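Undergrad:
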Amino acid sequence: MNTILIVSRTQMSHGVCVGGIVEETNEFIRLHTDTGGNLPTEAPYQIGDRWHMLVEPAWNARPKPHVEDRQTTAVRHLENVGMQGVANFIRQHCSITEGCITQLFNHTLQFSGPHFLTGSVGKDHVPDHSVAFWVADKDLMKHDNSFQGKPGVYYLYGSYRIKYVGFQTPLDCIPQGTVLRMSLANWWKKGDSDEERCYLQLSGWYV
Numbered sequence: 009m010n011t012i013l014i015v016s017r018t019q020m021s022h023g024v025c026v027g028g029i030v031e032e033t034n035e036f037i038r039l040h041t042d043t044g045g046n047l048p049t050e051a052p053y054q055i056g057d058r059w060h061m062l063v064e065p066a067w068n069a070r071p072k073p074h075v076e077d078r079q080t081t082a083v084r085h086l087e088n089v090g091m092q093g094v095a096n097f098i099r100q101h102c103s104i105t106e107g108c109i110t111q112l113f114n115h116t117l118q119f120s121g122p123h124f125l126t127g128s129v130g131k132d133h134v135p136d137h138s139v140a141f142w143v144a145d146k147d148l149m150k151h152d153n154s155f156q157g158k159p160g161v162y163y164l165y166g167s168y169r170i171k172y173v174g175f176q177t178p179l180d181c182i183p184q185g186t187v188l189r190m191s192l193a194n195w196w197k198k199g200d201s202d203e204e205r206c207y208l209q210l211s212g213w214y215v
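First residue of the sequence shown: 9, per my numbering; consecutive thereafter.
(1) Return the first residue and the last residue of the alpha helix (DSSP H) that Ala95 is part of.
(2) Figure out for me which residue from Gln209, Gln176, Thr33 and Tyr168 has the closest Cα to the Cα of Gln100.
(3) So the candidates are Glu76, Val24 and Asp180; which of them puts its Cα closest to the Cα of Asp152?
(4) Measure from the alpha carbon of Tyr168 to the alpha carbon of each residue in Pro178, Gly121 and Val134, then state which is nearest.
(5) When burial is assigned at 16 or more other CB atoms within 10 Å of the CB, is Gln19 buried or exposed?
(6) Just tell me which of Phe175, Lys146, Lys198 and Asp202 has its CA closest to the CA of Ile182.
(7) Thinking C-alpha only, which one of Arg189, Lys198 and Asp202 is nearest Leu210?
(8) Using the three-state DSSP reduction, which class does Thr110 fall into: helix, strand or coil?
(9) So, are the CB atoms of Gln79 and Ala66 less than 8 angstroms apart?
(10) How do the stretch 82 to 93 and the stretch 108 to 121 stand: do at least 3 beta-carbon pairs fall below 8 angstroms, yes or no?
(11) CA-CA distance, Gly166 and Ile98?
(12) Are there 16 or more other CB atoms within 10 angstroms of the CB of Glu76, so buried, or fewer, so exposed?
(13) Looking at the strands, I want to know which residues DSSP matches up with Pro188.
(14) Confirm, please, whether the CB-CB distance from Ser138 to His74 is below 8 angstroms.
(15) Is the separation between the beta-carbon of Ile14 and that of Gly28 shorter than 8 angstroms?
(16) What's the C-alpha gap between Thr186 and Thr177?
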């Protein structure tokens, strides 16, 4: 049995995606059900929760970069340490990328776009993980926009644009120095492209 600190809760088309850290090993995990399925929307896990859980490799584990999938069975809820408690744990125990956005995911991100630059990875340069913590060297500014007719919330880091996929109420400005959780979305073909890519997204922040 392990102690899991819940660090993210993000939106999916079916269910929710919940991220955690195994406190005993500082391993990043993505929680699945005990049968390997996506968590339902009503899953009780909230950011800051600490749970005792049974954790095992997912039978349907995916290749890089999405190596964090784990089958989990909740045993007991312990407490909620709050956003500051999560930030403190991350700063004390986890690897954090600091500085420019281009340093994320071992410098494997490629950026493109007609107006704002969007980050993604292709199958020619795949990192060995799909979750990272980042402390940016400048403020992130909220940018409401739509993509292909779908409304969404984005954040601008200079000329770079990042899609926000969390449940936290968006801030107009996420201050420089804030701990951010970043992730790579599932493989996806954009528009008429023949190439699948994993796009950079903002899962949440800790203030």
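Glycine included, each C-beta is placed from N, C-alpha and C at the ideal position.
A quick note: this is a predicted structure, and the numbers were derived from the prediction, not measured.
TA: From the atom records:
(1) Along the sequence shown, read from residue 1 onward, the residue named residue 95 stands at position 87. Segment Gly90 to His101, the alpha helix (DSSP H) holding Ala95.
(2) The residue labelled residue 100 in the question sits at position 92 within the sequence shown. Of Gln209, Gln176, Thr33 and Tyr168, the residue nearest in Cα terms is Thr33.
(3) Stepping through the sequence shown from its first residue, residue 152 is reached at position 144. Closest by alpha carbon: Asp180.
(4) Indexing the sequence shown from 1 puts residue 168 at position 160. Here the closest residue by C-alpha is Gly121.
(5) Along the sequence shown, one-based indexing puts residue 19 at 11. Gln19 is exposed by the Cβ-count criterion.
(6) For this step, residue 182 is matched to residue 174 along the sequence shown. The shortest Cα separation from Ile182 among Phe175, Lys146, Lys198 and Asp202 belongs to Lys146.
(7) As a first step, residue 210 is located in the sequence shown; it is residue number 202 there, counting from the start. The residue with the shortest Cα to Cα distance from Leu210 is Arg189.
(8) In the sequence shown, the residue the question calls residue 110 occupies position 102. The answer is helix: DSSP assigns Thr110 an H, G or I state.
(9) Position 71 of the sequence shown holds residue 79. Position 58 of the sequence shown holds residue 66. For Gln79 and Ala66, yes; Cβs fall inside 8 angstroms.
(10) no
(11) As a position in the sequence shown, residue 166 is number 158, starting the count at 1. As a position in the sequence shown, residue 98 is number 90, starting the count at 1. Between Gly166 and Ile98, the C-alpha separation is close to 25 angstroms.
(12) As a working mapping, residue 76 is identified with position 68 in the sequence shown. It counts as buried.
(13) Here residue 188 refers to the residue found at position 180 of the sequence shown. The residue asked about is misnamed: residue 188 is Leu in this sequence, not Pro. DSSP lists Trp142 and Trp213 as partners of Leu188.
(14) Reading the sequence shown from its first residue, position 66 is the one you call residue 74. Reading the sequence shown from its first residue, position 130 is the one you call residue 138. Yes, the pair counts as a contact, with Cβ atoms nearer than the cut-off.
(15) Locating residue 14 in the sequence shown gives position 6, counting from the first residue. Locating residue 28 in the sequence shown gives position 20, counting from the first residue. It is a contact, given that the beta carbons lie within the stated cut-off.
(16) For the purposes of this step, residue 186 is taken as residue 178 along the sequence shown, with counting starting at 1. For the purposes of this step, residue 177 is taken as residue 169 along the sequence shown, with counting starting at 1. Going from the Cα of Thr186 to the Cα of Thr177 covers about 16 angstroms.
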